[in-house]
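Here the structure is laid out as structure tokens; the discussion comes afterwards.
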Amino acid sequence: MLKVALLSTENSRSTKDLDKMINHLASVLKDLDGVVIDEIDLKSDLRLDSAKYNYVVFCGYDHVTLAHIHL
């Protein structure tokens, strides 16, 4: 079983085409056998335990996303 964290921010979700891409990616991954998806809304005060995931996917590019990449 693969655990995937799909990370996005409110800013990413408010961008129409990026929101469509995030939703499509989530739906495709959810249809795969043996894949568990956690859709996580990144906030500046959230501490994500990325060690419990096989893959971490950052959707978007803003200051909150960049801060979590560097954590």
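Our numbering puts the first residue of the sequence shown at 6, with every later residue one more than the last. Just so you know, even glycine gets a beta-carbon here, dropped at the ideal spot from N, CA and C.
Margin query: Whole angstroms are fine: how far does the CA of residue 47 sit from the CA of residue 66?
Written below: Against the sequence shown, residue 66 aligns to sequence position 61. Against the sequence shown, residue 47 aligns to sequence position 42. Residue 66 and residue 47: Cα-Cα distance of roughly 12 angstroms.
Margin query: Whole angstroms are fine: how far does the CA of residue 39 sit from the CA of residue 19?
Written below: To locate residue 19, count along the sequence shown from 1; it is residue 14. To locate residue 39, count along the sequence shown from 1; it is residue 34. So the two alpha carbons sit approximately 30 angstroms from each other.
Check: Cα-Cα, which of 56, 30, 69 is closest to residue 8?
Finding: Here residue 8 refers to the residue found at position 3 when the sequence shown is read from its first residue. Ranking the options by Cα distance to residue 8, first place goes to 56.
Next item on the list: Could you tell me which uninterrupted alpha helix (DSSP H) segments, each at least 4 residues in length, are contained entirely in the stretch 8-49, listed from first to last along the chain?
Entry: 15-19, 21-35
Check: Rounded to a whole number of angstroms, what is the C-alpha to C-alpha distance between residue 32 and residue 21?
Finding: Against the sequence shown, residue 32 aligns to sequence position 27. Against the sequence shown, residue 21 aligns to sequence position 16. Their backbone Cα atoms lie some 17 angstroms apart in a straight line.
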